[in-house]
Amino acid sequence: MARKKRLNNSRSVAQHLANISHQLQDDEITESKARALTYIASILLRAIENSDFEERLKRLEDKLNEDI
242 MARKKRLNNS RSVAQHLANI SHQLQDDEIT ESKARALTYI ASILLRAIEN SDFEERLKRL
302 EDKLNEDI
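Numbers given in this note's numbering equal positions in the sequence shown, counted from 1, plus 241.
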C-alpha cells in the first residue's frame, strides 16, 4: 500500500491532483475513483485557501490594533 501524503497546503493538493491524473491515464484507477478523489481534493483546496486567508486577515487586524 502506498504511503499516505499530507495534503495541508495548495502545493501538496496540486501534486495529489497530478498523481490522480497520471494514475487515471495509466489505468491504475477508475474514472469514478478519480472523480471522487478530485472532488475531495478540490474541497480540501478551498478549505486550505480559506484558512490561509483567515490567517492573513487576522495578522493584518492584529497589526492594525497594535498601531491604534
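Ideal Cβ positions, reconstructed from N, Cα and C, are used throughout, including at glycine.
Remember, it's a predicted structure, so these values are computed and weren't measured experimentally.
Contact between the stretch 294-306 and the stretch 255-270 is absent: fewer than three C-beta pairs spanning the two stretches fall below 8 Å. With a cutoff of 9 Å on beta-carbon distance, Arg247 and Ser253 are scored as near each other.
It is roughly 35 Å from the alpha-carbon of Ile281 to the alpha-carbon of Lys304. Note on geometry: alpha-carbon atoms of Leu265 and Phe294 lie some 32 Å from one another.
A Cβ-Cβ distance of about 15 Å is found for the pair Leu286 and Ser262, leaving them out of contact under the 8 Å criterion. Counted as a single uninterrupted DSSP element, the alpha helix (DSSP H) harbouring Thr279 occupies residues 272-308.
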